[in-house]
Structure formats: structure tokens, C-alpha cells
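> Protein chains in written order, with the working numbering: chain U, 43 to 465; chain L, 43 to 465; chain E, 43 to 465.
All C-beta atoms in this analysis are idealised placements derived from N, C-alpha and C, irrespective of residue type, glycine included.
Take a look at the following structure, please.
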Amino acid sequence: MASETGAQLHAFASELYPICRSITGAGTRATLDAVSRIVPLERVEVPTGTKVFDWEVPREWNIRDGWIKNAAGERVVDFQRHNLHVMSYSTPVRARMSLAELRPHLFSLPEQPTWIPYRTSYYRDNWGFCLTHEALQALPEGEYEVCIDSTLEPGALSFGEAVLPGDSSEEILIWTHVCHPSLANDNLSAIAVAAHLARSLATRPRALTYRFVFAPTTIGAITWLALNEAHVGRIKHGLVLASLGDRGAFVYKRSRRGDAEVDRVVEFALGAEGTAEDFSPYGYDERQFCSPGFDLPVGRFSRTPNGRYPEYHSSADNLDFITAESLGASLEACERICSVLEGNVRYRNLLPKCEPRLGPRGLYRNATGRNPSEFEHALLWVLNQSDGTRDLLSIAQRSRLDFSVIANAATAARDAGLLQAVS
Amino acid sequence: MASETGAQLHAFASELYPICRSITGAGTRATLDAVSRIVPLERVEVPTGTKVFDWEVPREWNIRDGWIKNAAGERVVDFQRHNLHVMSYSTPVRARMSLAELRPHLFSLPEQPTWIPYRTSYYRDNWGFCLTHEALQALPEGEYEVCIDSTLEPGALSFGEAVLPGDSSEEILIWTHVCHPSLANDNLSAIAVAAHLARSLATRPRALTYRFVFAPTTIGAITWLALNEAHVGRIKHGLVLASLGDRGAFVYKRSRRGDAEVDRVVEFALGAEGTAEDFSPYGYDERQFCSPGFDLPVGRFSRTPNGRYPEYHSSADNLDFITAESLGASLEACERICSVLEGNVRYRNLLPKCEPRLGPRGLYRNATGRNPSEFEHALLWVLNQSDGTRDLLSIAQRSRLDFSVIANAATAARDAGLLQAVS
Amino acid sequence: MASETGAQLHAFASELYPICRSITGAGTRATLDAVSRIVPLERVEVPTGTKVFDWEVPREWNIRDGWIKNAAGERVVDFQRHNLHVMSYSTPVRARMSLAELRPHLFSLPEQPTWIPYRTSYYRDNWGFCLTHEALQALPEGEYEVCIDSTLEPGALSFGEAVLPGDSSEEILIWTHVCHPSLANDNLSAIAVAAHLARSLATRPRALTYRFVFAPTTIGAITWLALNEAHVGRIKHGLVLASLGDRGAFVYKRSRRGDAEVDRVVEFALGAEGTAEDFSPYGYDERQFCSPGFDLPVGRFSRTPNGRYPEYHSSADNLDFITAESLGASLEACERICSVLEGNVRYRNLLPKCEPRLGPRGLYRNATGRNPSEFEHALLWVLNQSDGTRDLLSIAQRSRLDFSVIANAATAARDAGLLQAVS
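Right, here's the structure in full:
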């Protein structure tokens with residue numbers, strides 16, 4: 043079942059793979075359109091020049107073509123073959139120059155001579171080409187013609203948002219970035235997982251409201267926070283999803299707070315399938331959510347983190363690098379996390395002085411003898427601990443009983459009128 | 043000396059062993075009478091039907107006889123031979139029936155075929171017999187006559203209480219349950235220890251007031267708490283004593299708070315002779331004292347806890363299962379715990395700026411040379427730490443000096459006018 | 043370089059070694075004079091009889107000579123040969139007596155028969171001689187003449203103080219005791235280190251004010267605290283320096299608080315070169331600073347602590363026992379500690395919502411690619427953590443980056459207007 047869902051996720055990633063995304067422009071919009079076919083998104087377009095905290099929304103970048111031709115007029119580097127070949131946000135250029143003049147604009151990975159690197163220059167006007175180190179070394183001296191048929195003009199920054207209302211207006215924010223071109227793990231994997239998580243959640247009752255945002259990284263998160271500054275108080279928990287398709291184990295990065303409920307829940311829900319590590323101020327958009335002026339309870343959920351696999355930010359992060367199995371298991375883990383986040387209620391015992399009678403409420407065996415069953419154990423734990431300050435997760439951890447067993451006992455006690463949820 | 047006292051304790055348990063106790067009735071009253079010969083008890087009788095929180099005091103149960111006769115008229119199960127044979131709180135019955143009809147009323151332990159189990163049915167009208175699995179399997183088909191000559195009528199729930207006043211009206215509650223029939227470790231052992239602890243404490247000065255309660259478990263504790271709800275604030279420390287006669291090591295179960303002074307003191311006083319474990323909401327009457335509406339600083343002191351030895355709640359929990367040596371050592375441990383609880387004072391240094399002169403107060407050697415003696419070390423520790431917030435136990439632990447050395451130094455400093463106790 | 047400085051320190055200790063210091067008197071004044079040639083001291087003289095908390099300033103003790111002559115008139119014990127031979131604060135005496143009468147006034151170390159012990163009798167009028175155990179055993183029976191040519195008269199207790207003003211009026215107190223006679227490690231080593239630390243700090247900018255005090259131990263500290271009681275609030279950090287010349291590793295003794303900033307800083311600054319241990323109320327003048335009525339953030343920095351080396355308080359604590367290398371390294375460690383104490387600022391991020399733009403402020407590379415450099419890592423850490431509550435040391439520890447790297451990044455961010463120091 044994971045494999046079938048996983049195959050769907052991989053197929054979705056494959057559909058998006060060829061699109062040339064950036065922090066603005068047509069490729070990003072096409073990506074949001076594709077996501078909208080899985081979960082309908084509200085599209086937001088923020089005009090170039092809009093002030094967002096210390097930043098402003100940049101010009102919109104679009105590209106049609108890009109190449110380097112040799113003296114024989116052959117395309118030796120060609121955007122049509124791989125969109126990583128043009129440095130993202132390259133200014134338009136059309137010129138003839140010697141190899142020596144061209145060299146400062148060429149980027150390769152000497153240590154991985156067959157991979158094309160991924161480079162950007164968002165905030166400094168420049169142009170460049172990325173190519174394999176083998177190809178770079180094979181270029182003979184001589185004159186070359188270069189062309190980048192791009193535009194950098196006033197436009198907008200685009201992001202998409204889907205809200206799934208729940209019983210409470212408190213929100214779980216699921217955030218994923220959509221600005222990387224043909225890189226599969228970073229971040230088509232997480233786009234696929236987030237879209238399908240939204241689709242799955244849409245069909246079931248929800249205790250909390252979910253807000254999914256698909257946006258470019260850094261400037262997208264800054265823009266979103268600037269537009270939503272007055273509303274961040276409704277974010278009860280948040281997860282930045284990234285790099286969820288590789289073969290590595292799960293890695294959860296805690297929020298800046300380090301002991302937020304989402305931190306405790308994810309670590310618990312992953313169990314032996316993952317590890318948790320402390321917050322650090324580099325990575326993805328958790329950087330913005332966890333800046334000291336916001337300090338939101340937002341962690342990051344990924345497999346192998348950015349920068350810790352050699353394929354990172356290169357053409358080797360392709361569709362073979364991500365697997366259907368990993369994608370499917372990532373989605374399942376997200377569902378499990380959401381289930382615990384929603385179910386992690388704090389209750390108040392309404393008969394807190396001494397134990398209440400369980401028998402007349404249909405909560406106890408008939409004849410007392412030796413040790414109580416697991417359900418009764420869980421019931422006693424929940425009744426004893428529910429003073430309005432402890433959530434079910436902490437009760438599960440203190441009792442060493444399964445969260446589901448504790449949650450079931452709590453539901454039974456609530457239905458019997460013994461417990462009341464506190465908000 | 044422990045062996046002599048231990049032998050007394052074992053003899054007392056032996057005296058009580060044949061009595062058929064339950065949560066109400068004559069057997070329990072006879073037990074309280076016997077305890078009163080060791081330490082005079084004030085008897086409290088709470089009428090059937092009295093509302094106590096979510097519960098009410100049940101009818102009083104008394105039993106004269108009970109048996110199963112076979113077709114030949116022979117008693118094949120006989121209450122006169124062992125009072126565990128009749129399920130506690132059995133309704134009266136007198137009938138003839140086939141073995142098939144009788145079977146749902148018969149209880150045995152297949153995994154321990156020579157032991158009689160202990161069963162109760164306090165809150166659902168039923169009757170039953172407990173017998174060895176061997177005896178059960180030896181019963182031929184055929185007709186049987188059954189008789190339980192019991193009464194379940196309005197009456198009272200009985201408990202006994204002894205108060206030993208101390209310098210302070212703050213109390214140490216010593217609680218033990220008296221509702222189990224012929225079971226030696228659970229709980230004649232603790233009844234014997236509690237009674238003799240009271241006798242021993244009665245003859246010495248007491249810094250704190252002691253309240254000993256001998257009562258039935260669960261409904262007894264609930265009833266006592268309902269009657270004493272306005273006064274529980276005077277309970278500074280509490281211990282539920284149970285199962286103190288077996289050959290196992292001491293096990294202290296912390297209060298729900300987990301870091302109450304009694305928790306720290308007992309763990310310290312036991313040292314390597316025992317272990318401490320976290321609170322859990324099953325066990326004995328700590329369940330009620332530690333319900334969230336009370337959350338009192340009450341832990342449980344036992345040897346092998348309930349349910350962790352095979353003899354538990356069976357006829358194998360007999361007078362051979364408990365030893366004079368264990369009983370004697372349990373009493374000594376209780377005395378040690380009480381001594382530390384009483385002595386664990388917080389002081390305020392009355393000359394807190396710089397060290398005071400010790401010599402003129404007779405607290406120091408005459409000529410200074412190398413390292414101070416242990417007494418002087420303890421004196422410096424007590425003077426330095428006594429800012430009104432730290433108790434002597436914490437000073438003993440921080441200084442790694444014996445509690446008695448610290449306590450002696452504190453007494454000397456107090457007598458010299460350097461320290462004042464804070465309440 | 044350490045060896046050159048170390049040699050200077052050793053030479054300074056050697057210069058002071060022959061002087062007979064005590065808690066008052068000419069020897070202590072001569073020592074302060076010598077220190078004043080390294081760092082000018084303000085001299086304070088507190089008259090005999092001045093009340094200081096529970097104590098009063100004692101009479102001033104001065105000594106010219108002391109000896110025991112045998113029947114042949116030969117000096118068998120002679121103050122001129124070693125000033126440890128006369129018990130400090132001995133009352134004057136001139137008498138003839140038998141060996142039996144003399145014995146109660148003779149002190150030796152049987153376990154170290156070739157060493158002269160160091161003894162004092164400050165607060166009880168007495169006289170005595172210290173000698174090697176070998177010499178004691180060699181004394182034949184017979185009559186002896188004893189002479190101690192001392193005075194105990196109204197005078198003053200002397201200490202010296204040097205203040206080095208800094209940007210802030212908050213102070214680092216550097217305290218060292220000057221009352222021990224010819225003992226090299228205890229405490230000529232620390233006198234030498236403290237004096238040269240002051241000289242070194244005097245020539246550089248200081249974020250904090252430094253106050254150096256050279257005073258007798260116990261009564262000196264009590265007197266200083268009594269005179270300065272109204273001003274102790276300005277002590278932000280304090281270090282008692284003692285025993286810094288032996289070959290042992292550094293040992294830092296935490297303040298009574300245990301988690302004061304100075305505790306965290308010293309432990310961090312020493313790294314693998316030293317260990318930290320918990321506060322205890324015996325040792326040197328940290329006893330007074332950490333008495334409960336003051337509870338100042340003052341720790342003690344030493345090598346092998348008092349009482350843990352056999353040479354302690356004996357003639358074996360001589361100039362061979364301390365090394366130039368140890369002295370030099372101790373001074374360097376003090377400089378390192380002071381540097382971290384001064385640099386351990388808490389900042390507030392002035393653009394705390396999302397990350398600020400680093401490029402326009404000259405704080406970032408031009409083209410983004412793979413992982414940021416160490417400086418940029420440090421910058422992100424400092425910006426993220428600087429919410430006004432966390433000091434740079436805690437940021438260095440959380441980020442596992444060097445303190446100097448963190449401090450440099452903070453300075454750059456402050457200079458770029460991104461951070462503001464909080465006091």
C-alpha cells in the first residue's frame with residue numbers, strides 16, 4: 043500500500059521534474075498549478091518591490107533559452123538539455139568572447155566531474171552557466187557565443203495556500219519550498235508528500251485546522267510572514283517539509299524553542315525510525331519561522347538534511363535518487379505525526395478527588411482479581427494525570443503505554459463524563 | 043535485636059492470620075482490637091450508605107460458614123479450613139446444583155495448582171468459592187450442595203486511628219490496609235510493622251505529629267479522605283505501608299509529585315538497601331492520596347510490590363512467606379525514615395555575612411593547622427547553606443557528609459544561637 | 043614567551059619569599075610595597091579593634107627574632123634560619139624550662155620528618171615553635187632557654203587595592219591573600235600572577251572595571267567586605283587566586299551559586315586544561331564572598347587545591363615547588379578568562395523578524411552555492427540567538443563554534459547596526 047502510494051508520489055515528482063522553477067516566474071506558477079490538481083490552492087501574487095521586513099520582493103525572472111556555442115556554432119552548453127545549465131536569475135546576455143573572458147561565468151564541480159552544479163544569483167546581477175567539470179575541461183581555447191534569453195522585470199512572487207478547517211481554529215502549518223528547478227529530492231519529494239498529505243487529510247475529520255503553503259524559500263517565507271504577521275499566533279505547530287525522497291532515515295530538526303509540543307510529538311511519533319537534532323539557524327525556511335522575533339513552534343522534517351549528501355544541489359539529485367518507497371513512508375510518517383498532534387489533548391479530571399467508580403460507567407471488569415488489563419491501566423493513568431496541565435503524550439511517556447492505548451482510554455473516559463478537554 | 047523485635051512482629055502477624063477480614067465486618071473490627079493492644083486506636087464507624095465522593099459506604103458483610111458438599115454430603119470445599127475458600131463479599135446462598143451450574147462460581151489458579159486464589163466481588167452481587175486447581179479438577183460430575191452463610195446488611199465501615207502529638211501540628215501520616223483475610227505479607231506484615239512503629243514512637247519526643255490509620259483499602263481510603271478533606275493540609279509527609287514481610291529488598295514508590303520531601307528522604311534513608319521507583323496509579327491507597335484533586339506527598343513503602351511475586355493474592359502468601367528478620371528490618375527502616383523526616387529542618391543563618399567566629403562559641407579547635415575535622419566541615423556546610431531554603435538532607439547530599447553529622451552540627455549551631463529553624 | 047614571563051614571575055616570588063608575612067605587621071606591608079612596584083596599590087590601614095561583622099581587627103603582630111637555645115647556649119631552633127620556625131602570632135616569651143615543659147609548644151610533622159610545619163594561633167594567646175620532626179627527636183632532655191622577640195600591640199590591618207577603570211563600572215574582582223610567610227605556592231605564586239595580570243591589563247582597553255585586592259585571608263576578607271558592604275553590588279564576577287605555581291592542572295572551584303556567569307566562563311576558558319568542582323565552604327576567601335548573606339559570584343582559581351598536596355603548609359612549599367612554566371601558564375589562563383568575561387556580551391537583534399539581508403551590509407559572499415563558511419555560520423547563530431537573554435558564551439556552546447569566531451561575528455553584526463548590547 044505504501045508502495046502504491048509511493049509510486050503515485052514518484053510519478054507526481056516526475057511530472058514536475060522538467061519544469062524550470064525559481065523564486066519567481068512561470069515555472070513556479072506551473073508547479074503550483076500542478077499541485078492544485080491534487081489539492082486546490084489559493085494563489086497569492088505579491089508584486090515586485092513590495093517591502094517585506096528588511097527585504098523587498100525581487101523582479102520576476104523568466105527564461106526561454108540559454109546556450110554557449112563554440113566556434114563551429116554547436117551548442118556545447120544547452121539549457122534545453124538541462125535547466126541547471128543556466129545559473130538561476132541570470133541576467134540576459136548575448137555576446138561573443140574568448141574562453142578566458144567566459145571562464146568567470148562558468149561553474150563546475152571538480153570533485154564530481156560528471157555532475158552539473160546548481161547555482162543562483164538572486165541578489166546580485168550576474169549571469170552564468172553550470173556544466174560538468176569534464177565538459178568544462180574539454181572546452182578548447184577560442185571564441186564562444188553565449189546567449190541567455192531571460193527577462194528580469196517587474197512582476198510578482200507567487201505562492202499557493204490551502205486551508206483545511208478543523209474543529210479548532212488553531213493551525214498546523216505545513217510548509218514546503220517550490221523554488222528549485224530540476225532537483226528531485228530537494229524539493230519535488232516534499233512537494234509531492236505535502237500535496238498528497240493535504241489530499242489525505244481533506245477527507246477525514248480534523249481536530250485542528252491545517253494550512254499548507256507551497257512557496258519559494260527564504261524570500262517566500264519572509265514575504266508570507268510579512269503578509270501574515272498579525273496571524274502567526276494561530277500557528278500551534280508547524281513543520282517545514284524538505285528532502286523526503288532519498289534513502290536515508292528520517293531526521294527531525296527541533297524548533298528554536300527545542301521543547302515545543304511539535305518537537306516532543308515528532309520525536310515520539312518517529313520512534314526508532316528517525317533521529318532528532320537541535321535547532322540550528324541554517325537549513326530551509328525554519329530559519330525564518332524561528333527567527334527571534336517570531337520564535338514559532340516550527341520544526342523541520344526531512345530525510346538526509348541539506349548538504350549532507352554529495353548529490354545535494356547538483357544534477358545527481360535526480361529522479362533515480364528518490365524512491366517510491368521512501369516517498370510513501372514519508373507520507374505515512376507525516377500522517378502519523380499529524381494524528382498525534384491532533385490527538386495530543388490535555389484533559390481535566392472532573393472527579394479529581396479519589397478514583398471515580400469505573401464499574402457503573404462500564405469501564406471495569408466485573409470481578410477483581412489480579413492485575414488490571416492494559417486498557418484499565420491506561421484509564422487509571424489518564425484519570426490520575428489529567429489535571430489540565432499534562433497532555434496525552436506525556437502520559438503515554440510516563441506510563442510507558444502506547445499513545446493509541448492512552449488516547450483510547452481518554453476518549454472512553456471523556457465519553458463517560460469523567461474528563462473534559464482543556465484548550 | 044532486630045531478630046527479637048522481628049520475632050514479636052511475626053508472632054503478632056500469626057495471631058491475626060486466622061481472622062477473616064474484609065472491607066467491613068467483624069473480622070476487621072477484631073483486627074483493630076488486636077492492634078489496639080499494641081497502640082490504642084480511636085475507632086471510627088461510618089454507616090452504610092454514607093456518600094464519599096463518587097462512592098458510598100457499602101453494606102456490611104459478615105460470614106459464619108461456607109462449604110460445598112458432594113453427593114455423599116462431604117465438605118469438599120470448607121471455609122472453616124481456609125477463609126480464602128469463600129470469595130469475599132459473597133452473597134448468601136444455599137442450593138443444590140450440578141457441577142456445570144456450579145463452575146462459573148469456582149475460581150482456581152491453573153498455573154499454581156496447589157494454591158487457593160483470593161477473590162472479591164465488592165461491587166457486584168455474586169457468590170463464589172476459591173479452591174486449588176487440583177481440587178477443582180478432582181471434582182466429579184454430579185450434584186453438589188452449596189452454602190454460604192453470610193449476611194450483607196446495613197452496618198458500618200470501620201477504621202482505627204492513633205495520633206501521637208509532636209512539637210509541630212504538621213503530620214506524618216502512616217497508612218496501612220486491614221481488609222485482607224488470611225494473607226500474611228499482604229498485609230499482616232505492614233499491620234504488624236505499623237502497630238509496633240507507633241508503639242516505639244510513642245515513647246520518644248516527636249518533632250512532628252504522627253497519625254496512624256488502619257483501614258480497608260480503596261473504599262476505606264476514600265471514606266477517610268471524604269471525612270478528613272478539610273484537614274489534609276496538615277499532612278506534611280505520608281507513607282502507605284504494605285507487604286513488608288517477604289524476603290525481597292525495599293521498594294519505595296514515589297508520590298505523584300515525584301520530588302516531595304518524603305520522596306527525597308525515603309530514598310536517602312534506604313540507601314543501598316532499597317530502590318525507588320516512579321509513581322504509578324495502581325497499587326494500594328497511594329492511588330487515592332495521589333489522585334489529582336489531592337496530590338498529597340504520600341509514597342508507598344514496601345518490599346516486593348503487589349503483583350510481582352507469584353504468591354501474591356493466594357494461599358501461598360502465608361506465615362512461612364514472611365520472616366521475622368524481614369519484619370524487624372522493615373520496622374528499623376521505618377524508624378530511620380521517621381528520624382530523618384523529623385530531623386530534616388531548614389535553618390536560617392542568623393549571622394549570614396561572612397563566617398561567624400566559632401572559637402568563642404566553643405565550636406572550634408584551639409590552634410589552626412591543616413584540615414578541619416568532620417564536625418567542623420559539617421558546621422561550615424550548615425552555616426554556609428542555611429539561607430532558609432535548603433533542608434539538612436540537601437546539605438548532607440551536597441556535602442557528601444552523613445546526615446547525622448550534618449544534623450549534629452546544625453543542632454550545635456542552633457544551640458550557639460547561630461541558626462534559627464524556618465517553618 | 044610564557045617561559046620568559048614565567049621567569050619574571052618566579053623571580054618576583056623569590057624576592058618576596060624571605061619576608062615574614064602574617065595577617066598584620068611589617069612583613070605584610072613590605073609585601074604590598076613590593077607589589078606596588080608592579081602595579082600601584084592604594085594602601086588601606088584598618089585600626090586594631092575595628093568591628094567587622096562578628097569579628098574585630100586584631101592587634102598587630104611584629105617579630106624581630108625567636109630561638110630555642112640548648113644548655114650549651116646554641117640556637118637549636120632559629121627564626122633567622124626560617125621564619126616558619128616561630129608560630130605566627132606567638133606572644134612574646136623569654137624563659138628557661140625543661141624539655142617536658144617546652145614540648146606542648148613544639149610542633150612537627152612526624153609523617154614528613156624533614157619538613158617544618160606552618161602553624162598559627164591568631165585568636166588565642168599562645169606561643170610556639172615549629173621544627174622538623176628529626177630535630178625534635180634529636181633534642182636531649184635538659185634545660186632550654188626560649189625567646190620570642192615579638193610584639194602584639196594596637197596597630198592596623200593592611201591591605202592594598204588597585205582599580206583599573208573600564209567602559210563599564212561593573213567590576214571583576216581579583217582577590218589574593220598575602221598573609222602567609224615563606225610559603226611559595228601558598229601564596230607567593232598567586233601574588234605574582236595577580237600583580238602581573240594587573241600590569242598586563244593596565245595597558246589595554248577594558249570593557250569592565252577591574253579591582254585587584256591583596257589582603258590577609260579570612261580577617262582581611264571579612265574586613266574588606268565590612269568596609270565595602272554597600273558596594274558589593276558592583277561585583278559582576280570575582281576570582282580568588284591561590285596556589286598557582288605548582289605542577290598540577292588547573293582546578294576551578296565554582297561559586298556557591300554554581301551557575302554564575304563566572305562559573306560558566308572559567309570552565310569554558312580552561313577547556314581540557316583544567317577541571318571545575320562544586321563549591322564547598324572551606325578553602326580560601328571564597329568562603330566569605332560566598333557566605334549566604336553575600337552569595338557573590340566569586341569562584342576560586344588555583345592549581346592543586348589547599349590540603350591536597352603533601353607540601354601544603356610546610357617548608358617543602360618552597361621556591362623549588364613552584365615553576366616558571368606553571369606561573370607563566372597560570373597568568374595566560376587568567377588573561378584568557380578575563381578576555382572571555384569581558385567579551386561575553388548579550389545582544390539584542392534589532393531586526394529580529396526573519397533574517398536581515400547580509401549582502402548589502404557586506405556580511406555575505408556574492409554567489410550562493412553550498413554550505414556557508416564558518417563566519418557566516420557564526421553570524422546566523424548570533425543573529426538567531428540574540429534575543430537579549432543569551433550571552434555569546436551560550437551561543438558558542440550551542441553552536442559548537444569557537445568563542446572567538448562567535449565574538450567576531452557579533453562584533454561585525456553590531457558594527458553593521460544589526461545588534462545592540464544589553465546590560
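Between which two residues does the alpha helix (DSSP H) carrying residue 453(L) extend?
445-457 is the extent of the alpha helix (DSSP H) around residue 453(L).
> Pick out whichever of 358(U), 424(U), 132(U) and 398(U) has its Cα sitting closest to the Cα of residue 155(U).
Residue 358(U) is the option with its Cα nearest to residue 155(U).
> For the alpha helix (DSSP H) containing residue 419(U), list its first residue and its last residue.
Run containing residue 419(U): 416-427, per the alpha helix (DSSP H) assignment.
> Which residue from 405(L), 135(L) and 111(L) puts its Cα closest to that of residue 168(L)?
Measuring from the Cα of residue 168(L), the nearest candidate turns out to be 135(L).
> Quick one: is residue 433(E) buried, meaning 16 or more other Cβ sit within 10 Å of its Cβ, or exposed?
Buried, because 16 or more other Cβ atoms sit within 10 Å of the Cβ of residue 433(E).
> What did DSSP end up calling residue 313(E) once you bin it into helix, strand or coil?
Reduced to three states, the DSSP call for residue 313(E) is helix.
> Using the Cα positions of residue 364(U) and residue 325(U), report the straight-line distance between them to the nearest angstrom.
Their Cα atoms are separated by approximately 20 Å.
> On the three-state DSSP scale, how would you describe residue 275(L)?
Looking at residue 275(L) - three-state DSSP - the assignment turns out to be helix.
> My understanding is that residue 188(L) touches residue 144(L), with C-beta atoms under 8 Å, so please give their C-beta distance in whole angstroms.
That pair is a contact at about 7 Å.
> For residue 436(E), which three-state DSSP category applies?
Three-state DSSP puts residue 436(E) in a helix.
> Just verifying my parser: in three-state terms, what is the DSSP assignment at residue 291(L)?
Residue 291(L): coil per DSSP, three-state reduction.
> Can you tell me which residues form a DSSP beta bridge with residue 195(U)?
In the DSSP output, where bridge partners are listed per residue, residue 195(U) has 102(U).
> Determine, for residue 332(U), whether the minimum Cβ-Cβ distance to residues of chain E falls below 9 Å.
At least one chain E Cβ lies under 9 Å of residue 332(U).
> Can you check whether the CB of residue 195(E) is closer than 9 Å to the CB of residue 90(E)?
A contact, by the Cβ cut-off of 9 Å.
> By the criterion of Cβ-Cβ separation under 7 Å, what are the contact partners of residue 422(L) in chain E?
Result: 323 and 324.
> Kindly list, in the order they appear in chain L, the residues whose Cβ is closer than 8 Å to that of residue 97(E).
Those within 8 Å of residue 97(E) in chain L are 396 and 399.
> Against residue 336(L), what residues of chain U qualify as contacts under a CB-to-CB distance less than 9 Å, listed in chain order?
394, 395 and 396, listed in chain order.
> Buried or exposed for residue 465(E), going by 16 or more other Cβ atoms inside 10 Å?
With fewer than 16 other Cβ atoms within 10 Å, it is exposed.
> Residues of the segment 426-444 of chain L in Cβ contact with chain E at a cutoff of 8 Å, in chain order, please.
Those would be 426, 427, 428, 429, 440 and 441, in chain order.
> Please say whether residue 214(U) and residue 281(U) have beta carbons closer to each other than 9 Å?
Yes, the pair counts as a contact, with Cβ atoms nearer than the cut-off.
> So, is the C-beta of residue 457(U) closer than 9 Å to a C-beta in chain E?
Judged by the 9 Å Cβ criterion, residue 457(U) is not in contact with chain E.
> Beta-carbon of residue 448(L) versus every beta-carbon of chain U: anything under 9 Å?
No, its Cβ sits nowhere closer than 9 Å to a Cβ of chain U.
> Does the CB of residue 391(L) have a neighbour CB from chain E at under 9 Å?
For residue 391(L), the answer is yes, since a Cβ of chain E falls inside 9 Å of its Cβ.
> Compute the beta-carbon to beta-carbon distance between residue 256(U) and residue 74(U), rounded to the nearest angstrom, for a pair I have assumed lies under 8 Å.
That belief holds up - the Cβ atoms of residue 256(U) and residue 74(U) are roughly 6 Å apart, short of 8 Å.
> Run the CB neighbour count on residue 347(U), radius 10 Å, all protein chains shown included, and call it buried at 16 or more, exposed below.
It counts as buried.
> Output needed in chain order: residues of the segment 257-283 of chain L with a Cβ under 9 Å from some Cβ in chain U.
Within the segment 257-283 of chain L, the qualifying residues are 260, 263, 264, 267, 268 and 271.
> Go ahead and label residue 179(L) buried or exposed: buried means 16 or more other beta carbons lie within 10 angstroms of its beta carbon, across all protein chains shown.
Residue 179(L) comes out exposed.
> Can you grab the Cα-Cα spacing for the pair residue 58(U) / residue 76(U), in whole Å?
Cα to Cα, residue 58(U) sits roughly 8 Å from residue 76(U).
> Applying a beta-carbon distance threshold of less than 7 Å, which residues of chain L neighbour residue 329(E)?
Simply 397.
> Once you ignore the five residues that flank residue 292(E) on each side, which residues in its own chain have a CB closer than 8 Å to its CB?
The answer, listed in chain order, is 312, 315, 316, 317, 343, 344, 345, 372 and 375.
> To which residues of the same chain is residue 329(U) closer than 7 Å at the C-beta, ignoring the five residues directly before and after it?
Only 323 meet the Cβ criterion.
> Please classify residue 287(U): is it buried, with 16 or more other beta-carbons within 10 angstroms of its beta-carbon, or exposed?
Looking at its Cβ environment, which holds 16 or more other Cβ atoms inside 10 Å, residue 287(U) is buried.
> Sort 426(L), 97(L) and 362(L) by Cα distance to residue 227(L) and report the nearest one.
Of the listed residues, the one whose Cα sits closest to residue 227(L) is 362(L).
> Is there at least one Cβ from chain E nearer than 9 Å to residue 412(L)'s Cβ?
Low per-residue confidence applies at residue 412(L): pLDDT is 49, beneath 50, and the placement is therefore not dependable enough to give any value.
> Grouping DSSP H, G and I as helix and E and B as strand, with all else coil, what is residue 50(U)?
Helix at residue 50(U).
> What first and last residue would you give for the beta strand (DSSP E) that runs through residue 341(L)?
Start and end: 340-344.
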